[in-house]
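Peer 1: I have a structure I would like to understand better, so I am pasting it below and will then ask my questions one at a time.
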Amino acid sequence: MQEMRRFNRYKSMQSELQQVINEITYEKKKTLNEMLSNQYGESFYYTSYLIEKEVGVALSYGLLDPNVIKQAVQLPIDKMTLNQRLSTHRVQTVNRIRRELSIGLRKGEGYATMANRIKPILDSDAKKAQMVAWTESARVQNLGTYDSASHAFDEGVSMKKIWISTLDKRTRPTHQAADHQKVPFKGLFKVGGYSCEYPHDSNLPAKEVVRCRCTFITEVADVSPFVERRARNPTTGKNEVITAVSYEEWKDSLE
Numbered sequence: 001m002q003e004m005r006r007f008n009r010y011k012s013m014q015s016e017l018q019q020v021i022n023e024i025t026y027e028k029k030k031t032l033n034e035m036l037s038n039q040y041g042e043s044f045y046y047t048s049y050l051i052e053k054e055v056g057v058a059l060s061y062g063l064l065d066p067n068v069i070k071q072a073v074q075l076p077i078d079k080m081t082l083n084q085r086l087s088t089h090r091v092q093t094v095n096r097i098r099r100e101l102s103i104g105l106r107k108g109e110g111y112a113t114m115a116n117r118i119k120p121i122l123d124s125d126a127k128k129a130q131m132v133a134w135t136e137s138a139r140v141q142n143l144g145t146y147d148s149a150s151h152a153f154d155e156g157v158s159m160k161k162i163w164i165s166t167l168d169k170r171t172r173p174t175h176q177a178a179d180h181q182k183v184p185f186k187g188l189f190k191v192g193g194y195s196c197e198y199p200h201d202s203n204l205p206a207k208e209v210v211r212c213r214c215t216f217i218t219e220v221a222d223v224s225p226f227v228e229r230r231a232r233n234p235t236t237g238k239n240e241v242i243t244a245v246s247y248e249e250w251k252d253s254l255e
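In terms of UniProt numbering, the sequence shown opens at residue 1 and continues consecutively.
Structure below.
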């Protein structure tokens, strides 16, 4: 009878915790996806603005397709998408909690003792979530910059790209060595024995990506041949050579 009560208590606690963790994971996933989508878009648009301002011509940028943004956010790292990684973390957390609850119940521990038993697991999950958010944020920022610069390159803007590392004690030696490495825009950076288009490239393994703070910049070599192209002035509605406008004004003029 006592064993049955323990079993029912275990199942009840397990069910409640499962529901809470599922709700937390859903909100975490929703919030992170929204944040990353916004960050990718802002990185893309701001890079577009800077390139157009530098070369002095319009490069037929337009508003991003929501599906393109979604695809960018879910781009796999080590063959796993963001949502898959979050789901994997959830399953791992639930399994670890189940084991600890089972041990606690067999020992006859009370709620307070078992709460202390599973607290380190929840703390660890929070740290993992923070690491994922950190890494994903840097990834979509670099991807947004790269996709925007790729559009300019396809429009005829000749440029090179330069790897920029944060040179402090937390930076990987392989990334310190890559600092200011300059390659043709469609060339590949060499980092830690791997080739990549930009920091956080999906072709890089997790050991070269997690907590990476590297970025890259573009260096325009010469101006696109489309010197006669004009942009629509959002105030007058007329097509004219683009002039010095604020980033927000430029973004608002997109169609």
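Glycine is no exception: its CB is placed at the ideal position from the N, C-alpha and C atoms. Everything numeric in this text was worked out from a predicted model, so none of it was measured.
For residue 268, which three-state DSSP category applies?
Peer 2: Nothing can be reported for residue 268, as the shown portion of the chain is limited to 1 through 255.
Peer 1: DSSP beta-bridge partners for Trp163?
Peer 2: According to DSSP, Trp163 bridges with Phe216.
Peer 1: Please go through the same chain and pick out, in chain order, the residues whose beta-carbon is closer than 6 Å to the beta-carbon of Val223, but skip the five residues on each side of it.
Peer 2: Bear in mind that a pLDDT of 47 at Val223, under 50, signals an unreliable position, so the number given afterwards is only what the model happens to contain. Around Val223: Val55.
Peer 1: Need the endpoints of the beta strand (DSSP E) that Ser102 sits in, please.
Peer 2: No beta strand (DSSP E) contains Ser102, which is instead part of the alpha helix (DSSP H) from 82–106.
Peer 1: What's the C-alpha gap between Tyr146 and Val132?
Peer 2: Looking at the two C-alpha atoms, the distance is approximately 21 Å.
Peer 1: Is it true that the CB of Met80 sits closer than 9 Å to the CB of Thr88?
Peer 2: Going by C-beta atoms, Thr88 is nearer than 9 Å to Met80.
Peer 1: Take Arg85 as the anchor and find which of Ala152, Gln130, Arg106, Lys119 has the nearest alpha-carbon.
Peer 2: Checked all of Ala152, Gln130, Arg106, Lys119; the closest Cα to Arg85 is Gln130.
Peer 1: Counting pairs of Cβ atoms below 8 Å between the segment 151–166 and the segment 206–219, do you hit three or more?
Peer 2: The segment 151–166 is in contact with the segment 206–219.
Peer 1: If you check the beta carbons only, do Val140 and Ala72 fall under 9 Å apart?
Peer 2: Going by C-beta atoms, Val140 is nearer than 9 Å to Ala72.
Peer 1: In chain order, what residues of the same chain lie with their CB nearer than 8 Å to the CB of Gln74, ignoring the 5 residues before and after it?
Peer 2: Closer than 8 Å at Cβ, skipping near neighbours: Thr81, Leu82, Asn83.
Peer 1: Please confirm if the segment 97–108 is in contact with the segment 118–127, defined as three or more CB-CB distances below 8 Å between the two stretches.
Peer 2: Touching, yes, given that three or more Cβ pairs across the two stretches are closer than 8 Å.
Peer 1: Straight-line CA distance for Pro173 to Gly62?
Peer 2: One C-alpha to the other measures close to 39 Å.
Peer 1: Rounded to the nearest angstrom, what separates Ala138 and His200 at their Cα positions?
Peer 2: Distance between the alpha carbons of Ala138 and His200 is about 7 Å.
Peer 1: Exposed or buried, which one is Asp168 when buried takes at least 16 other CB atoms within 10 Å?
Peer 2: Its Cβ having fewer than 16 others within 10 Å, Asp168 is exposed.
Peer 1: Suppose you measure from the CA of Glu34 to the CA of His180; what does that come to, to the nearest Å?
Peer 2: Those two C-alpha atoms are separated by around 32 Å.
Peer 1: Under DSSP, the alpha helix (DSSP H) around Pro184 begins and ends at which residues?
Peer 2: Per DSSP, Pro184 belongs to no alpha helix (DSSP H); it is in the beta strand (DSSP E), 182–184.
Peer 1: Can you have a look at Tyr49 and say buried or exposed, based on whether 16 or more other CB atoms are within 10 angstroms of its CB?
Peer 2: Buried, because 16 or more other Cβ atoms sit within 10 Å of the Cβ of Tyr49.
Peer 1: Kindly indicate which three-state DSSP category Val140 falls into: helix, strand or coil?
Peer 2: It is helical.
Peer 1: If you compare alpha carbons, which of Ile51, Ile69, Ser158 is closest to Gln39?
Peer 2: Among Ile51, Ile69, Ser158, the Cα nearest to that of Gln39 is on Ile69.
Peer 1: Does DSSP classify Ser195 as helix, strand or coil?
Peer 2: Three-state result, Ser195: strand.
Peer 1: Between the beta-carbon of Phe185 and the beta-carbon of Met159, is there less than 9 Å?
Peer 2: It is a contact, given that the beta carbons lie within the stated cut-off.
Peer 1: Return the Cβ separation of Glu208 and Gly187 in integer angstroms, given the expectation that the two are a contact with Cβ distance under 8 Å.
Peer 2: With a Cβ gap of about 18 Å, Glu208 and Gly187 do not count as contacting.
Peer 1: Which one or two residues does DSSP pair with Ser189 in a beta bridge?
Peer 2: The residue you asked about is not Ser; residue 189 is Phe in the sequence shown. DSSP, once it has assigned bridges, lists Cys196 as partnering Phe189.
Peer 1: Less than 9 Å separating the beta-carbons of Arg211 and Trp163?
Peer 2: No, the Cβ-Cβ distance between Arg211 and Trp163 is not below 9 Å.
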